Amino acid sequence: MIQLTVVKKIIMQYLNTFPQRIKSITLAILLTLFIGFMLPAVTWATGLGVTSGYLSPCPNTNNCVVSQNADTKHAIDPIIYHVDRDQARKTLLQVLTVVPRTEVIEQTDNYIHAISKSRIFKFVDDVEFYLPNDEPVIHIRSASRVGESDLGVNRRRMEQIRLALRDLNI
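Its first residue numbered 12, the sequence shown is counted upward by one per residue in the numbering used here.
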């Protein structure tokens, strides 16, 4: 990885022909872009998994949806299936392989955790699926790790997964 001082030196050599004020502004913009593109958003997932039969509730931000115990802002319907649970789980895993920039991180017989990264800045969203033993539903949760809003990305992703599963007749 190129060291920041080398990048700064190269930029300063390029900017020697500009007035000082333009140099400062341009340098600030270029360094901000460099840091933003070269350093991915590194945050750790918190509150994941199933506790006492429930996925975690959403935080008080606009970048999360969950199908269990949610307020109206964060609520989304669970995915209902009409096949046996193992077939629903296998089909869901197949669908996740074609969701862009998505990778399954953990899976058990009744839980799947995947991450989905944004296209440009590689922000990470945690995507969870819980298949309880006693009902033919897949409870879902999708939450961004950073920021306050996702402009509806998490909700749209879950609805697209729902439609894909419906098209596959689960």
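Backbone N, C-alpha and C fix where the C-beta goes; we use that ideal spot for every residue, glycine too.
Because the structure is a prediction, the values reported are computed rather than measured.
- For residue 124 and residue 18, the gap between their C-alpha atoms comes out near 38 Å.
- Three or more Cβ pairs drawn from the stretch 150-165 and the stretch 71-82 lie within less than 8 Å of each other, which places the two stretches in contact.
- Rounded to whole angstroms, the gap between the alpha carbons of residue 176 and residue 131 is 27 Å.
- Only buried fits residue 139, as 16 or more other CB atoms lie within 10 angstroms of its CB.
- Going by beta carbons, residue 137 and residue 59 fall inside the 9 Å limit.
- The residue among 110, 56, 21 and 172 with its C-alpha nearest the C-alpha of residue 99 is 172.
- Cα atoms of residue 63 and residue 80: separation of roughly 13 Å, rounded to the nearest angstrom.
- Here the alpha carbons of residue 166 and residue 153 stand approximately 8 Å from one another.
- Look at residue 137 here: in three-state DSSP terms it is strand.
- Residue 180 sits away from residue 144, with the two beta carbons spaced by 9 Å or more.
- Beta-bridge partners of residue 75 (DSSP): 154.
- By alpha-carbon distance to residue 142, the top candidate from 86, 83 and 97 is 97.
- Here DSSP, grouped into helix, strand and coil, assigns residue 146 to coil.
- Annotation for residue 117: the continuous beta strand (DSSP E) segment containing it runs 113-118.
- Assigned with DSSP and collapsed to three states, residue 16 falls in helix.
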